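Residue numbers (my numbering), protein chains in the order written: chain A, 575 to 881; chain B, 21 to 687. Virtual Cβ for every residue (Gly too), placed ideally from N, Cα, C. Because the structure is a prediction, the values reported are computed rather than measured. To start, the structure under review is shown below, and the notes come after it.
Next comes the structure, spelled out in structure tokens:
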């Protein structure tokens with residue numbers, strides 16, 4: 575197990591360097607620069623800017639400088655667009671926002687999804703099953719850029735109950751709508767995965783054995799069925815958590831949250847190279863770690879899996 | 021048993037949701053006259069949707085509008101924008117004097133102005149700020165706005181003077197000029213005949229009140245230097261200089277054996293004559309210059325703090341400002357909060373306790389915040405086009421002319437657009453009146469300055485909608501238009517060679533499609549459209565890497581026609597067309613030397629006509645401001661540049677004194 579984890583962690587390093595190099599090259603290839611704007615600047619001033627940021631140096635020199643900072647000090651440099659703000663500081667302050675919303679949405683999705691899924695699986699083909707699965711289908715089909723505005727329209731613009739957007743710290747009324755919007759899709763997915771997984775497990779031999787031993791319904795479900803039934807959910811929610819926590823671009827845009835996803839979009843539009851590379855690195859690391867965690871969790875949930 | 025478990029879980033979730041939110045109904049006053057809530061904020065604050073995240077709080081650094089509005093709260097310049105007309109009004113300077121050809125300005129500063137840390141503000145602070153703003157290492161995008169100041173451009177571009185090694189005298193422009201242009205030099209560059217007389221014009225008889233008399237400050241060695249014939253400057257970079265000298269043997273000979281001295285910050289024509297007098301010498305007449313000084317490039321930055329903290333001086337714990345408000349909190353990508361500064365010289369007349377600048381670039385989101393009463397005003401152009409029919413009838417909709425135009429540039433360096441007849445034909449084939457109608461709030465434009473913006477400016481008219489004439493012109497240019505089955509056809513025109521490029525957004529796309537349809541209908545030519553991501557598009561346009569048409573949008577930097585006409589005084593970049601005519605440049609220069617306001621406008625109009633005749637562009641429309649402010653927000657006017665001097669803004673709680681409609685700009 576330990577050897578497996580160490581081996582996986584070691585593979586992570588070259589993977590991330592390759593990802594960063596590709597990102598670096600793509601930013602270079604995109605036309606325009608961080609300083610291009612509708613007010614075009616005279617060439618002499620452009621020259622001043624290029625000298626200030628070292629863009630007049632040859633590309634390999636710039637590449638070496640960028641990568642060396644990352645490898646040596648884990649330092650992504652300072653944002654080109656936002657004068658004097660370091661990339662690490664921007665990530666450090668936008669991550670909590672994304673993480674708060676993402677985690678809340680994750681917990682909400684897990685709770686509601688698993689409950690709804692298991693309830694549906696206990697009474698297959700009942701009215702309750704059809705109703706919850708129909709809702710889940712709806713949840714999967716409605717993209718969050720539609721769900722968000724609908725919720726805003728009802729709860730903010732018509733009822734004047736909740737603020738339509740903006741971040742106001744946690745806890746505040748501002749988090750309710752984004753969390754619901756964000757969790758909708760995941761909730762629905764988890765409900766369906768749980769139902770499918772549970773249905774399969776409930777038919778298996780060891781459940782029959784458990785029942786035969788005379789265990790109560792709740793003990794059978796909570797101690798035996800859920801453990802096996804949740805395997806597909808775990809493999810799905812691991813990477814899902816990584817995406818949720820590192821910012822979901824659309825929801826952060828709709829609700830104007832100062833999270834990682836919002837910065838990522840803005841940085842790409844601004845051609846803010848250090849910031850783009852920093853965020854990509856962060857997301858890549860989180861994703862790889864989450865996948866590793868999923869693999870480890872598998873070993874705990876399913877006694878048959880061993881590394 | 022299992023069901024009990026599940027129920028408990030569900031109840032837990034519900035309770036958690038309630039606790040985290042505290043959902044409660046709010047009493048909100050709404051009325052059909054206004055868009056959404058009209059409940060004023062509980063505290064004496066203004067919550068303003070300001071658009072994009074500010075790039076920096078360092079005034080000369082950022083060029084954007086959201087930053088400009090924040091700087092308006094945090095920093096002061098010698099002058100401030102008038103809240104309605106945007107003309108310069110006294111700020112740090114109580115009054116100012118102008119010399120006989122608008123090439124030298126003397127500003128008399130107030131003595132009671134202080135930084136937010138209590139230090140007094142002096143003339144040296146202004147000199148420091150402008151030298152810093154122009155420093156090549158700061159690389160300010162706005163620096164070009166100060167290029168009218170003597171040697172400012174040379175310093176900003178790291179140019180060098182040429183000095184004789186032994187005599188230590190500098191090589192002058194007139195030594196190498198092809199035609200002696202001494203007679204046309206600005207007054208500020210001619211030797212002083214009798215000190216003070218250069219400020220005589222305009223006051224024919226002595227003014228009784230000594231405070232009203234022009235006061236040029238005292239004569240100094242620096243002033244003498246400014247009034248000596250201009251020194252020659254050459255590019256600072258070795259490569260560029262060698263290239264230039266190789267092309268010009270006369271210059272090469274004159275420079276031979278001499279040393280190159282970098283132009284320094286101290287050479288810029290800005291001088292603190294005493295602690296409270298600033299004298300600015302320009303290299304050319306610029307009557308609009310005092311209006312320019314309200315721009316962020318010229319707002320004061322605190323020397324002591326910058327030298328202490330370097331790049332980190334704008335961080336909330338270090339920053340020192342000089343405006344009516346000071347920084348309270350900065351939550352990036354969320355909001356920036358400023359509060360009333362008790363050190364401000366006119367603090368008694370500042371009404372608001374705080375201003376919250378919200379960051380959001382999404383129009384519907386901004387409108388939602390406004391509707392539910394989370395924001396009191398939104399920035400310009402936030403009302404989506406399709407909402408206009410509903411919103412326009414509301415009494416909190418702000419409508420007014422904007423100092424901004426939309427036009428189409430044509431790349432005149434590539435065939436077939438290099439033929440003026442072709443360009444004219446494409447202009448005449450567009451029904452701009454109809455287009456403006458479809459856009460709902462803009463006005464059709466036939467010139468290159470916004471219509472009706474500058475009082476007394478005799479704006480010329482370009483050619484109007486005339487498809488008949490357009491087809492004739494195309495025919496003359498060798499592209500005959502024929503008619504078959506009631507549709508026009510122009511087989512000879514290489515439509516595949518041209519294209520219409522624009523940056524992707526819905527209004528640009530609608531515009532391009534409209535123009536495409538017009539040209540198809542009236543000329544029988546289908547110009548392909550190409551939508552590009554913004555930066556890609558800007559790159560293609562400024563480097564002339566397109567053939568055919570591109571969208572151009574320009575907003576005024578200051579309230580003078582020259583801010584538009586000046587676009588074509590450089591050959592590259594912002595020009596976007598490749599049209600560069602020395603005669604046009606000379607015409608503008610002549611106009612700017614003219615002291616009489618009306619005469620100058622006449623000359624500028626002549627130059628504009630010349631530009632329109634050459635037709636490197638197709639004027640389309642004058643923009644209109646469209647934004648919303650709650651009726652209880654007073655002292656905010658829909659002025660032409662969307663810039664609000666915040667000290668005049670206040671919250672009115674008495675509904676009878678609210679604004680029911682657009683507040684008048686006239687009185």
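>> So, with DSSP's three-state summary, where would you put residue 571 of chain A?
In response: The structure shown does not extend to residue 571 of chain A, since chain A is modelled only from 575 to 881, so the question has no answer here.
> Can you tell me where the alpha helix (DSSP H) with residue 457 of chain B in it begins and where it stops?
Replying inline: Here residue 457 of chain B is taken as the residue at index 437 of the second chain, counted from 1. Taken as a continuous stretch (DSSP letters only), the alpha helix (DSSP H) holding residue 457 of chain B covers 452-459.
> For residue 751 of chain A, which residues of its own chain have a beta-carbon under 6 Å away from its beta-carbon, when the five flanking residues on both sides are left out?
Replying inline: As a position in the first chain, residue 751 of chain A is number 177, starting the count at 1. Taking C-beta separations shorter than 6 Å and ignoring five residues to either side along the sequence, the partners of residue 751 of chain A in its chain run 725 and 736, following chain order.
> Which residue or residues does DSSP assign as beta-bridge partners of residue 642 of chain B?
Replying inline: For the purposes of this step, residue 642 of chain B is taken as the residue at position 622 of the second chain. Residue 642 of chain B pairs with B/425 and B/463.
>> Counting only Cβ-Cβ distances shorter than 9 Å, please list the residues of the segment 611-643 of chain A near chain B, keeping chain order.
In response: 611, 612, 613, 614, 615, 616, 617, 618, 619, 620, 621, 622, 623, 624, 625, 626 and 627
>> Taking only three categories from DSSP, how would you classify residue 593 of chain A?
In response: The residue labelled residue 593 of chain A in the question sits at position 19 within the first chain. Reduced to three states, the DSSP call for residue 593 of chain A is helix.
> Comparing the C-beta of residue 559 of chain B with each C-beta of chain A, is any distance below 8 Å?
Replying inline: As a first step, residue 559 of chain B is located in the second chain; it is residue number 539 there, counting from the start. Yes, because at least one Cβ of chain A sits closer than 8 Å to the Cβ of residue 559 of chain B.
> Does DSSP classify residue 12 of chain B as helix, strand or coil?
Replying inline: It is not possible to answer for residue 12 of chain B, since the shown part of chain B is limited to 21 through 687.
> Secondary structure at residue 669 of chain B, three-state DSSP: helix, strand or coil?
Replying inline: Along the second chain, one-based indexing puts residue 669 of chain B at 649. In this structure, residue 669 of chain B counts as coil in the three-state DSSP scheme.
>> Between which residues of its own chain and residue 668 of chain B is the CB-CB distance below 6 Å, once the five residues before and five after are set aside?
In response: Taking the second chain and counting its residues from 1, the one referred to as residue 668 of chain B is at position 648. Here the set comprises 103 and 655.
>> Given this structure, state the Cα-to-Cα distance separating residue 276 of chain B from residue 178 of chain B, to the nearest angstrom.
In response: Your numbering for residue 276 of chain B matches position 256 in the second chain. Your numbering for residue 178 of chain B matches position 158 in the second chain. One C-alpha to the other measures close to 20 Å.
>> At the level of alpha carbons, what is the spacing between residue 95 of chain B and residue 855 of chain A?
In response: As a position in the second chain, residue 95 of chain B is number 75, starting the count at 1. As a position in the first chain, residue 855 of chain A is number 281, starting the count at 1. Their Cα atoms are separated by approximately 38 Å.
> Assuming residue 608 of chain B contacts residue 122 of chain B under a Cβ cut-off of 8 Å, what Cβ separation, rounded to an integer in Å, is found between them?
Replying inline: On the second chain, residue 608 of chain B is found 588 positions in, with the first residue counted as 1. On the second chain, residue 122 of chain B is found 102 positions in, with the first residue counted as 1. 14 Å between Cβ atoms; not a contact.
> Going by Cα to Cα distance, which pick from B/660, B/448 and B/476 is closest to residue 685 of chain B?
Replying inline: Position 665 of the second chain, counting from 1, holds the residue named residue 685 of chain B. The option with the nearest alpha carbon to residue 685 of chain B is B/660.
> Measuring CA to CA, which of B/601, B/666, B/289 and B/378 is closest to residue 100 of chain B?
Replying inline: The residue labelled residue 100 of chain B in the question sits at position 80 within the second chain. The residue with the shortest Cα to Cα distance from residue 100 of chain B is B/666.
>> When you compare the CB of residue 42 of chain B with every CB in chain A, is at least one pair closer than 8 Å?
In response: Translated into the one-based positions of the second chain, residue 42 of chain B becomes position 22. Low local confidence applies: a pLDDT of 41 at residue 42 of chain B is under 50, so the model's placement there is unreliable, and no value is given.
> Terminal residues of the continuous alpha helix (DSSP H) containing residue 324 of chain B?
Replying inline: The residue labelled residue 324 of chain B in the question sits at position 304 within the second chain. Where residue 324 of chain B is concerned, the enclosing alpha helix (DSSP H) stretches over 323-329.
> Taking 8 Å as the CB-CB cut-off, is residue 657 of chain A touching chain B?
Replying inline: Counting from one through the first chain, the residue named residue 657 of chain A turns up at place 83. Taking Cβ atoms only, chain B reaches closer than 8 Å to residue 657 of chain A, which makes this a yes.
>> Our contact map puts residue 845 of chain A next to residue 604 of chain A with C-beta atoms below 8 Å; I'd like the distance itself, whole angstroms only.
In response: For the purposes of this step, residue 845 of chain A is taken as the residue at position 271 of the first chain. For the purposes of this step, residue 604 of chain A is taken as the residue at position 30 of the first chain. Right, their Cβ atoms sit about 6 Å apart.
>> By the DSSP assignment, the alpha helix (DSSP H) with residue 605 of chain B in it spans what residues?
In response: For the purposes of this step, residue 605 of chain B is taken as the residue at position 585 of the second chain. Counting along the chain, the alpha helix (DSSP H) containing residue 605 of chain B begins and ends at 602-613.
> Comparing alpha-carbon positions, which option in B/640, B/557 and B/680 lies nearest residue 606 of chain A?
Replying inline: For this step, residue 606 of chain A is matched to residue 32 along the first chain. Closest in C-alpha terms to residue 606 of chain A, from the list B/640, B/557 and B/680, comes B/557.
>> Residues in the same chain with beta-carbon distance under 6 Å from residue 649 of chain A, minus the five sequence neighbours each way, listed in chain order, please.
In response: Along the first chain, one-based indexing puts residue 649 of chain A at 75. Around residue 649 of chain A, the same chain offers 643 as residues with beta carbons nearer than 6 Å, after the five sequence neighbours per side are excluded.
> Name the chain A residues whose beta carbon is nearer than 9 Å to that of residue 593 of chain B?
Replying inline: Counting from one through the second chain, the residue named residue 593 of chain B turns up at place 573. Neighbours of residue 593 of chain B on chain A, chain order: 614, 615, 616, 617 and 620.
> Which value, in whole angstroms, describes the spacing of the CA atoms of residue 615 of chain A and residue 664 of chain A?
Replying inline: Position 41 of the first chain holds residue 615 of chain A. Position 90 of the first chain holds residue 664 of chain A. Distance between the alpha carbons of residue 615 of chain A and residue 664 of chain A: 27 Å.
> Near residue 688 of chain B, what residues of its chain come up, given a Cβ to Cβ distance below 7 Å and the 5 sequence neighbours on each side ignored?
Replying inline: The structure shown has nothing for residue 688 of chain B, since chain B only spans 21 to 687.
> With a CB to CB cut of under 6 Å and the five nearest residues on each side skipped, what residues in its chain are close to residue 766 of chain A?
Replying inline: Locating residue 766 of chain A in the first chain gives position 192, counting from the first residue. The residues are 710.
> How far does the beta strand (DSSP E) with residue 735 of chain A in it reach, from first residue to last?
Replying inline: In the first chain, counting from the first residue as 1, residue 735 of chain A sits at position 161. Counting along the chain, residue 735 of chain A falls outside any beta strand (DSSP E), and DSSP gives it neither H nor E.
>> Count Cβ pairs between the segment 299-316 of chain B and the segment 70-90 of chain B that sit closer than 8 Å; are there 3 or more?
In response: yes
>> Tell me which residue opens and which closes the alpha helix (DSSP H) that residue 116 of chain B is part of.
In response: On the second chain, position 96 is the one that residue 116 of chain B refers to. Unbroken run through residue 116 of chain B is the beta strand (DSSP E), 113-118; no alpha helix (DSSP H).
> If you draw a straight line from the alpha carbon of residue 545 of chain B to that of residue 512 of chain B, how long is it in whole angstroms?
Replying inline: Taking the second chain and counting its residues from 1, the one referred to as residue 545 of chain B is at position 525. Taking the second chain and counting its residues from 1, the one referred to as residue 512 of chain B is at position 492. One C-alpha to the other measures close to 10 Å.
> Which residues bound the beta strand (DSSP E) around residue 374 of chain B?
Replying inline: By one-based count along the second chain, residue 374 of chain B stands at place 354. Where residue 374 of chain B is concerned, the enclosing beta strand (DSSP E) stretches over 374-378.
>> Let's see if you can read the secondary structure: which residues bound the alpha helix (DSSP H) around residue 101 of chain B?
In response: Numbered from 1 along the second chain, position 81 holds the residue referred to as residue 101 of chain B. Segment 99-101 is the beta strand (DSSP E) holding residue 101 of chain B; no alpha helix (DSSP H) there.
> Going along the chain, which unbroken runs of the beta strand (DSSP E) with 3 or more residues stay wholly within the segment 475-541 of chain B?
Replying inline: 502-504, 507-509 and 519-523
> Tell me, which residues are paired with residue 882 of chain A by DSSP?
Replying inline: Since the first and last residues shown for chain A are 575 and 881, residue 882 of chain A lies out of range.
> Of all the CB atoms in chain A, is at least one closer than 8 Å to the CB of residue 177 of chain B?
Replying inline: Numbered from 1 along the second chain, position 157 holds the residue referred to as residue 177 of chain B. Judged by the 8 Å Cβ criterion, residue 177 of chain B is in contact with chain A.
> Taking all protein chains shown into account, do 16 or more other C-beta atoms lie within 10 angstroms of the C-beta of residue 662 of chain B, making it buried, or fewer, making it exposed?
Replying inline: Taking the second chain and counting its residues from 1, one reaches residue 662 of chain B at position 642. Buried is the call here.
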